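Peer 1:
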Amino acid sequence: MQLKKPGSVPTALMAASCALLGASTAKADDSYESDDWQVDSALLYYKEDQQRVQAIEPVVSLKRDFGDDRSLGVKLTYDSLSGGSPNGALPSHSPQTFATPSGASLQAPSGEPQTYTTSSGRVVALLEKVTLYTTEPGQLPLDPNFHDQRVAFSTSWQQRLGEQMRLSVGGDLSHEQDFMSAGLNAALARDFNNKNTTLSFGTNLEADAIRPIGGAPVGGTDYTQLQKGGNESKTVGGVLFGVTQVLSRRWLAQLNYSYDASHGYQTDPYKLLSVIDAGGNAVGYRFENRPDNRTRQSVFLENKLALGRDVLDLSLRHMKDNWGIKSQTADLRYRLELGNAMYIEPHARYYKQNAASFYNLYLNAADPAPDVMSADPRLGAFDAMTYGLKLGMTLADKSEVSIRLEQYRQNARDVPAAFGQLQGLDLNPGLKSFIFQVGWRFSF
Amino acid sequence: MTFAKFAAVCAALIVCASARGDTTFDLASYAGKVIYLDFWASWCAPCRQSFPWMDSVQREYMSKGLVVVGVNVDQERALAETFLKQMSPHFRIVFDPKGALAETYKVSGMPASFIIDRHGTVRFHHLGFRDDAKPRLDAELNTVLAEK
Amino acid sequence: MMRRVAALAALLCAVAATSGCSTIGVKPWQRDLLAKPEMQLDADPLDAAIDEHVYFSKEASSGGRGFGGGGCGCN
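Protein chains in written order, with our numbering: chain V, 2 to 445; chain C, 134 to 281; chain Y, 26 to 100.
1. Only counting the same chain, and skipping five residues up and downstream in sequence, which positions put a Cβ closer than 6 angstroms to that of K28 (chain V)?
2. If you measure between the beta carbons of A349 (chain V) and Y409 (chain V), is that distance less than 7 angstroms?
3. Taking 6 angstroms as the limit between beta carbons, can you name the residues of its chain near T222 (chain V), skipping five residues before and five after?
4. What residues in the segment 55 to 80 of chain Y bring their beta carbon closer than 9 angstroms to a beta carbon of chain V?
5. To the nearest angstrom, how far is it from the Cα of W38 (chain V) to the Cα of S62 (chain V)?
6. Using 8 angstroms as the threshold, is the segment 57 to 74 of chain Y in touch with the segment 199 to 212 of chain V, meaning 3 or more CB pairs across them?
7. Over the uninterrupted alpha helix (DSSP H) stretch that includes N275 (chain C), give me the two end residues.
8. Just to confirm the assignment, what range does the alpha helix (DSSP H) spanning K218 (chain C) have?
9. Relative to the alpha-carbon of A382 (chain V), which residue among Y:H78, Y:A85, Y:R28 has its alpha-carbon at the smallest distance?
10. If you measure beta-carbon to beta-carbon, which residues of the segment 302 to 329 of chain V are closer than 7 angstroms to chain Y?
11. Please list, in chain order, all residues of the same chain as S81 (chain V) whose beta carbon is under 6 angstroms from its beta carbon, the five residues on each side excluded.
12. Below 8 angstroms on the Cβ atoms is my contact criterion, and I expect G93 (chain Y) with T245 (chain V) to pass it. Report the Cβ-Cβ distance as a whole number of Å.
13. Checking the sheet assignment: what are the DSSP bridge partners for S234 (chain V)?
14. Give, in chain order, every unbroken run of the alpha helix (DSSP H) that is at least 4 residues long and sits entirely within the segment 134 to 169 of chain V.
15. Identify each residue in the segment 177 to 195 of chain V for which the Cβ-Cβ distance to at least one residue of chain C is less than 8 angstroms, and report them in chain order.
16. Span of the alpha helix (DSSP H) holding V190 (chain C)?
17. Just to confirm the assignment, what range does the alpha helix (DSSP H) spanning D160 (chain Y) have?
18. Which residue marks the beginning of the beta strand (DSSP E) containing A187 (chain V), and which one marks its end?
19. Under the assumption that S169 (chain V) contacts S157 (chain V) (Cβ atoms under 8 angstroms), give the Cβ distance between them as a whole number of angstroms.
20. Quick one: what's K64 (chain V) bridged to in DSSP?
21. Determine, for G98 (chain Y), whether the minimum Cβ-Cβ distance to residues of chain V falls below 7 angstroms.
22. Could you tell me which chain V residues have their CB closer than 9 angstroms to the CB of D264 (chain C), listed as they occur along the chain?
23. Since S241 (chain C) meets chain Y, which of its residues come closer than 8 angstroms, beta carbon to beta carbon?
24. I need the straight-line Cα distance from R379 (chain V) to S183 (chain C), nearest angstrom please.
25. Please return the same chain residues whose Cβ sits closer than 6 angstroms to the Cβ of T136 (chain V), not counting the five positions on each side in sequence.
26. For E236 (chain C), does the count of other Cβ atoms within 10 angstroms reach 16, so buried, or fall short, so exposed?
27. Which partner residues does P347 (chain V) have in the DSSP bridge list?
28. Report the three-state DSSP secondary structure of P378 (chain V) (helix, strand or coil).
29. How many angstroms separate the CA atom of E63 (chain Y) from the CA atom of V312 (chain V)?
30. What is the DSSP secondary structure of G94 (chain Y), reduced to helix, strand or coil?
31. According to DSSP, is T12 (chain V) helix, strand or coil?
32. Below 8 angstroms on the Cβ atoms is my guess for D278 (chain V) versus A366 (chain V); work out the distance and round it to an integer in Å.
33. Identify which residue in V:L428, V:T78, V:V40 has its Cα closest to the Cα of P448 (chain V).
34. Within the 7 angstroms Cβ cut-off, does N294 (chain V) reach chain Y?
35. List the whole-angstrom C-beta distance separating N294 (chain V) from S263 (chain V), where the pair is believed to meet the contact cut-off of C-beta under 8 angstroms.
36. Considering Cα atoms alone, identify which of Y:D72, Y:F81, Y:P53 is closest to Y352 (chain V).
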């Protein structure tokens, strides 16, 4: 740019007011140092009603900024689970007795452990030393031995690749008594239009080792036979394509399409289905059995709007998989600034899904057992609502503390009418739970 | 050069960052001077690294005729004032909240800096501020300052 | 339905990347609000991870979130 103007002596612009400044040897306020480390921590308490699952989960995440847009993050999560989890069987007016998953083997009258060969030629041992638990009449059968500890570690490295591109690579590990997982992920983001548009691509790969307590049951078999095998595994791979667009000074939107495929053992080894006869009596139980592959696609749209000093966050997601499940999610948060150091953030989330094609609340005794089946409420048709409130405060030392309370309610849909001996029982009570979380974030 | 003279020269060239700060930038009034024109904002993290460097460069090359001008593009003046209070720069600050000056110079990234020679021509143009860019910026300043 | 959405997304990408879409967006010096920490897509990563873990355990869907974009656009 060229601007040729006749020269002139620079005037002593506001020299008087600034003589002090120019003459003084006052140094710049160097008490402001850039913080290289950022710590984000939270403690979660999760509790479901009806003596179901309870979890306590502390999480700590550390991020180190190396300058020039390079940063390293590590996160450690510890999860302690207790309580009971529904085992998939229906409630009954009579007490029901089940074996805990740790059931090791059933001894034949001859005293010798028996073996059984599956149709695919796999030899599994029949079990002995079964420990039993009884569900009271009218109660939803819960496996009371659902306690576990999980430790998870994840790390990620982010850096720039040229002026307009960023790279992120990471890994994660997770370990609990009956499940171990290791994963890798990588993502690239490229800016366009003066960084108003960003295209991103991400991929992840995960390998899981499933070691059910007492061995993985042979899927779909008669539960009372306790036919169990060994360990299982599965692998998951996924890709994500995203567009982030600045729509105005106040509005940022992101649209993502993701696809993932999971191959291997997808069944929940501890879950059953009740076999019900024409009179509504439970005449038996079967282990569930899910397909060994699952592919999912989802489209996700998020909007962030700066309204005054507040921020509105609205996201929508649509998911479809090859198990016949379709879901819709709508999530709304409004961060309301109160004064200079405090905010309150109400939250509402609506979720809806339909049932998997192989989902059955129970099996009919008259029908032959299907190949694949599950009564896991996670795969059933339901609506869910979450209402929550978060309060955050910035303290004098610039750290931020927060407290969050959310209530989650899941309501089953399309529940078949209770007939015969099932009358008067709530066949699918849904789920009620709350999340209570405290958080602390600071830099140094 | 005695300290008093030095201070007087600085005083003649520096505008302090205050609410009465300048909102205009008249290139013509700088003829004969080399200008380091920097566009910054309180919300721009790399700008925090650039301020101490711009301070030191202003001090070092003032006698050779360098004027550092920091153009602020914050839409909320209060945020800029807080930033200036923390950084206490000793170079000229111009406020451009509507972005008219940024538009004129076709700023395409933040921060953006322009090295303008004694005849008012933009000689070097940089986007962003990184530590490893400092030697190059120094070299460019020396080149332009050496010219008549 | 998925095909149509995928096609739409691909079209948006193509338009954004090639035609310049210079009318949509802001000037580099107008990113003050976008630079705010609470305006980042990953503003509360722990909350998001905790929620994701809870919903993954109780529902059949998970994920969807991405990486990159927005912010101050500096450097």
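From the three backbone atoms N, C-alpha and C, an ideal C-beta is built for every residue, glycine too.
All figures in this text were calculated on a predicted structure; none of them were measured in a lab.
Peer 2: A quick look at the data gives this:
1. If you number the first sequence from 1, residue 28 (chain V) lands on position 27. In this prediction, K28 (chain V) has a pLDDT of 38, which is less than 50 and means its spatial position is unreliable; nothing more can be read from the coordinates.
2. Working through the first sequence from its first residue, we reach residue 349 (chain V) at position 348. Working through the first sequence from its first residue, we reach residue 409 (chain V) at position 408. Contact: no.
3. Within the first sequence, residue 222 (chain V) is the residue found at index 221, counting from 1. Here the set comprises Q228, F288.
4. Q55, R56, D57, L58, L59, K61, E63, M64, Q65, L66, A68, D69, P70, L71, D72, A74, I75, D76, H78, V79, Y80
5. One-based indexing of the first sequence puts residue 38 (chain V) at position 37. One-based indexing of the first sequence puts residue 62 (chain V) at position 61. One C-alpha to the other measures close to 10 angstroms.
6. Counting Cβ pairs under 8 angstroms, fewer than three are found: no touch.
7. Numbered from 1 along the second sequence, position 142 holds the residue referred to as residue 275 (chain C). Its alpha helix (DSSP H) spans residues 267 to 279.
8. By 1-based counting over the second sequence, the position of residue 218 (chain C) is 85. Where K218 (chain C) is concerned, the enclosing alpha helix (DSSP H) stretches over 210 to 220.
9. The sequence position of residue 382 (chain V) within the first sequence is 381, counting from 1. The candidate whose alpha carbon is nearest that of A382 (chain V) is Y:A85.
10. E303, K305, A307, V312, R318, M320, K321, I326, S328
11. Locating residue 81 (chain V) in the first sequence gives position 80, where the first residue counts as 1. Closer than 6 angstroms at Cβ, skipping near neighbours: I57, Q150.
12. As a position in the third sequence, residue 93 (chain Y) is number 68, starting the count at 1. As a position in the first sequence, residue 245 (chain V) is number 244, starting the count at 1. Going by Cβ atoms, the distance from G93 (chain Y) to T245 (chain V) rounds to 6 angstroms, so yes, they are a contact pair.
13. The residue labelled residue 234 (chain V) in the question sits at position 233 within the first sequence. Note: S234 (chain V) sits in a beta bridge opposite V:A210.
14. none
15. N195
16. Counted from its first residue, the second sequence places residue 190 (chain C) at position 57. Segment 178 to 194, the alpha helix (DSSP H) holding V190 (chain C).
17. The structure shown has nothing for residue 160 (chain Y), since chain Y only spans 26 to 100.
18. Residue numbering aside, residue 187 (chain V) sits at position 186 when the first sequence is read from its first letter. Where A187 (chain V) is concerned, the enclosing beta strand (DSSP E) stretches over 180 to 193.
19. Stepping through the first sequence from its first residue, residue 169 (chain V) is reached at position 168. Stepping through the first sequence from its first residue, residue 157 (chain V) is reached at position 156. Correct: roughly 6 angstroms between the Cβ atoms.
20. As a working mapping, residue 64 (chain V) is identified with position 63 in the first sequence. According to DSSP, K64 (chain V) bridges with V:Q39, V:G74.
21. Here the question's residue 98 (chain Y) lines up with position 73 in the third sequence. Closer than 7 angstroms to some Cβ of chain V, the Cβ of G98 (chain Y) qualifies, so yes.
22. Residue numbering aside, residue 264 (chain C) sits at position 131 when the second sequence is read from its first letter. What D264 (chain C) touches in chain V: G68, D69.
23. The residue labelled residue 241 (chain C) in the question sits at position 108 within the second sequence. Chain Y residues near S241 (chain C): P53.
24. Looking up residue 379 (chain V) in the first sequence gives position 378. Looking up residue 183 (chain C) in the second sequence gives position 50. Computed Cα separation, rounded: 54 angstroms.
25. Counting from one through the first sequence, the residue named residue 136 (chain V) turns up at place 135. The beta carbon of T136 (chain V) sits closer than 6 angstroms to those of Q97, P142, all from its chain and outside the five residues before and after it, given in chain order.
26. For this step, residue 236 (chain C) is matched to residue 103 along the second sequence. Classification of E236 (chain C): exposed, given that the 10 Å Cβ count is below 16.
27. For the purposes of this step, residue 347 (chain V) is identified with residue 346 of the first sequence, where counting begins at 1. Looking at the DSSP assignment, P347 (chain V) forms a beta bridge with V:L390.
28. For this step, residue 378 (chain V) is matched to residue 377 along the first sequence. DSSP places P378 (chain V) in helix when its eight states are reduced to three.
29. The residue you call residue 63 (chain Y) lines up with position 38 of the third sequence. The residue you call residue 312 (chain V) lines up with position 311 of the first sequence. Computed Cα separation, rounded: 7 angstroms.
30. Within the third sequence, residue 94 (chain Y) is the residue found at index 69, counting from 1. Residue state, collapsed to three classes: coil.
31. As a working note, residue 12 (chain V) is residue 11 in the first sequence. Only weak support is given to the placement of T12 (chain V): the predicted model assigns it a pLDDT of 36, under 50, and the value that follows is read from those uncertain coordinates. Correct three-state label for T12 (chain V): coil.
32. Here residue 278 (chain V) refers to the residue found at position 277 when the first sequence is read from its first residue. Here residue 366 (chain V) refers to the residue found at position 365 when the first sequence is read from its first residue. Indeed, because the Cβ distance is near 4 angstroms, the residues count as touching under 8 angstroms.
33. Limits of chain V in this structure are 2 at one end and 445 at the other, which puts residue 448 (chain V) out of reach.
34. Looking up residue 294 (chain V) in the first sequence gives position 293. Not an interface residue.
35. On the first sequence, position 293 is the one that residue 294 (chain V) refers to. On the first sequence, position 262 is the one that residue 263 (chain V) refers to. Rounded, the Cβ-Cβ distance is 7 angstroms, consistent with contact.
36. Position 351 of the first sequence holds residue 352 (chain V). When only C-alpha atoms are compared, the closest one is Y:F81.
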